[in-house]
Structure formats: C-alpha cells, structure tokens
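Quick note: the sequence shown uses this note's numbering, first residue 19, plus one each step.
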Amino acid sequence: MTDAENPVIPAGTASRGKEFSRAADAALVLAGGEVFWGRGTGAVGKAVGEVCFNTSITGYQEILTDPSYAGQIITFTFPHIGNVGTNAEDLETTTPAVRGCVLRADITQPANWRASGQRGGHLDGWLKSMNLVAVTGVDTRRLTRLIRDSGAPTGVIVRAPGKDGAIDVDALRAEAKAWPGLEGMDLARDVTCRQTYAWDETEWALADGFGKLENPKFHVVAVDYGAKRNILRCLASA
C-alpha cells in the first residue's frame with residue numbers, strides 16, 4: 019500500500035464527521051487527531067486503549083496474552099508478525115487483556131511446525147477467536163516515533179464490517195479523548211484469577227513439550243495479580 023492509499027492524517031485536518039481512505043477498512047484514531055488508515059484483520063469492531071509499542075521480533079502470541087498489557091493497543095515494530103502462526107501452548111493467560119494490535123505488513127500463512135488451531139494456526143483466526151481487533155498496513159515506524167517523542171497516546175482501533183463502510187473519525191476521536199487512561203485504573207482486578215488453583219506445569223522442552231512437576235523441592239504460594247504462565251512454570255521448574 020502506498021502512502022497515498024495509507025495516509026497519516028495530522029491533527030486538525032480530519033474535519034468531516036466520517037472519513038474513508040481508499041483500500042482501507044480499518045484505522046487507528048488517536049485522541050490528538052492523528053488517523054492511521056489500514057486494513058482490518060481479526061475481529062470486527064472497535065476498542066479504546068493506550069497505544070504503546072513493542073520491538074520484539076518473535077513471541078507475539080505471548081505478548082498479546084501478557085496480562086501486563088491490559089488496556090493497551092500494541093504497535094509491533096517488527097514488520098512480519100504472524101509468520102510462525104499460533105498454537106495452544108504459547109498463551110500466557112486464557113483471556114487476553116490487551117485491547118488490540120497494529121501491524122506493518124499483512125499476516126501471511128504460518129511457516130512453523132508448531133502452528134495449530136484456528137485456520138491451521140493463522141494469526142488472523144486466533145485474533146478472531148480472542149475477539150481482538152487488528153490493523154495492518156500501517157506505517158508503524160511513524161507511529162512508533164510519535165509514541166517515543168510525545169508519550170503513549172490514547173486511541174481507538176476500529177475495523178469496519180465491510181470495505182465500503184465509512185469510519186466516523188470524529189466520533190472515534192471523541193471516544194479516545196473521553197477515555198480516562200490507565201493511570202489510577204485498577205487493572206489487577208481485571209487480570210487476577212477468580213479462584214485459587216494448583217500449578218504443576220514445568221518449562222517447555224523440544225522433545226517433550228511442557229513437563230509436569232512430580233516431586234517438588236519447595237512449597238511455593240504465588241499471589242496472582244496477573245501472573246504470566248511462564249513465570250509459574252519457572253517457579254515449578256526451580
């Protein structure tokens with residue numbers, strides 16, 4: 019997609035109530051007025067959150083299910099997110115607390131023997147199953163510079179139900195401005211467990227997958243305010 023097809027609209031220039039960018043059915047609308055057009059993938063709908071960025075090259079499924087990203091929209095700086103697919107083993111929690119994600123390139127078919135599940139482990143199918151909205155085709159370098167220079171903005175990520183559906187930029191900008199932000203928000207309440215549970219799963223190994231703790235050397239009690247599964251596996255493997 020060229021810059022003409024995927025413009026970044028500076029603050030104050032999107033004056034019409036509804037805007038539509040050619041070949042775009044999704045957008046990230048920031049509270050400051052900037053609009054990043056793109057192509058929608060994952061779930062249809064919208065979500066508001068704090069826009070941040072992550073520079074990891076792989077491990078995107080673990081990142082998207084990391085409870086510490088509660089209330090955030092993740093911008094991945096690495097362009098080829100989705101290339102190793104998804105699976106049932108790389109989840110850090112059962113229900114993602116992240117609001118959505120922004121990608122540079124379209125999601126391709128997975129090329130990894132561990133990919134399994136929705137559509138053969140395709141990231142798009144996994145995003146749909148988790149009800150997460152994503153936008154591809156975005157100039158993530160420009161967005162990352164904006165976050166770096168001005169701080170993490172509030173934004174609304176939206177995927178329209180069809181290619182011909184207009185996106186109401188003014189309404190989404192107003193929604194982003196009205197969102198109170200993460201400061202002071204009780205995020206632990208959203209990501210904590212609802213009841214106690216026992217944990218005996220140990221770290222993953224190539225030949226065997228995850229192991230099971232048979233003869234524990236220690237009795238460990240963890241208070242789960244949004245613990246990643248891999249932290250618990252490391253404790254069980256100690």
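The beta-carbon is built from N, C-alpha and C at its ideal position, and this holds for glycine as well. Quantities reported herein were computed from a predicted structural model and do not represent experimental measurements.
Considering residue i, what are the terminal residues of the beta strand (DSSP E) in which it resides?
{"i": "residue 45", "result": "44-48"}
{"i": "residue 92", "result": "90-94"}
{"i": "residue 57", "result": "53-60"}
Starting from the C-beta of residue i, find all residues in its chain whose C-beta is less than 6 Å away, skip the five residues before and the five after it, and write them out in chain order.
{"i": "residue 156", "result": "54, 56, 120"}
{"i": "residue 85", "result": "111, 115, 209, 244"}
{"i": "residue 88", "result": "115, 205, 208, 209"}
I believe residue i touches residue j by the beta-carbon criterion, under 8 Å. Please report the beta-carbon distance rounded to the nearest angstrom.
{"i": "residue 171", "j": "residue 82", "result": "20 Å between Cβ atoms; not a contact."}
{"i": "residue 188", "j": "residue 210", "result": "Actually they do not touch by this definition, with Cβ atoms about 37 Å apart."}
{"i": "residue 124", "j": "residue 158", "result": "At roughly 13 Å, the Cβ-Cβ gap does not stay under 8 Å, so residue 124 and residue 158 are not in contact."}
{"i": "residue 185", "j": "residue 45", "result": "5 Å"}
{"i": "residue 80", "j": "residue 43", "result": "Wrong, their Cβ atoms sit about 28 Å apart, outside the cutoff."}
{"i": "residue 177", "j": "residue 62", "result": "5 Å"}
Considering only residues of the same chain and omitting the five flanking positions on each side of residue i, which have a CB-CB separation below 7 Å?
{"i": "residue 217", "result": "250, 254"}
{"i": "residue 161", "result": "54, 93, 120"}
{"i": "residue 142", "result": "59, 60, 125"}
{"i": "residue 127", "result": "140"}
{"i": "residue 31", "result": "In this predicted model, residue 31 has a pLDDT of only 35, less than 50, meaning its place in the structure is not dependable enough to derive any value."}
{"i": "residue 21", "result": "With a pLDDT of only 44 at residue 21, under 50, the local geometry of the prediction cannot be trusted, and the value read off the model is given with reservation. No residues qualify anywhere along the chain."}
{"i": "residue 179", "result": "62"}
For residue i, which residues of its own chain have a beta-carbon under 8 Å away from its beta-carbon, when the five flanking residues on both sides are left out?
{"i": "residue 235", "result": "256"}
{"i": "residue 33", "result": "Annotation note: pLDDT 32 at residue 33 (below 50); position unreliable, no value reported."}
{"i": "residue 118", "result": "60, 65, 67, 91, 92, 150, 151, 152, 153, 175"}
{"i": "residue 239", "result": "none"}
{"i": "residue 130", "result": "101, 102, 103, 139"}
Kindly examine the ligand MG and report whether one of its heavy atoms sits closer than 6 Å to the Cβ of residue i.
{"i": "residue 203", "result": "Inclusion of the ligand MG in the displayed structure is not the case, the ligand content being empty and no account of it being possible."}
Starting from residue i and walking both ways along the alpha helix (DSSP H), at which residues does that stretch end?
{"i": "residue 158", "result": "158-168"}
{"i": "residue 252", "result": "247-255"}
{"i": "residue 81", "result": "78-82"}
{"i": "residue 241", "result": "Residue 241 -> no alpha helix (DSSP H), and no H or E assigned at all."}
{"i": "residue 207", "result": "205-209"}
Can you name the residues that DSSP bridges to residue i?
{"i": "residue 228", "result": "222"}
{"i": "residue 66", "result": "174"}
{"i": "residue 154", "result": "57"}
{"i": "residue 101", "result": "Partner(s): none; residue 101 has no beta bridge."}
{"i": "residue 120", "result": "93, 153"}
{"i": "residue 236", "result": "Paired residues: none, contrary to the question."}
{"i": "residue 130", "result": "In the DSSP output, where bridge partners are listed per residue, residue 130 has none listed."}
Task: Inter-stretch contact at 8 Å, needing at least 3 Cβ pairs: the segment 68-76 / the segment 212-231 - done: no
- [ ] Count the C-beta pairs between the segment 97-107 and the segment 191-200 that are closer than 8 Å, then say yes if the count reaches three, no if not.
- [x] no
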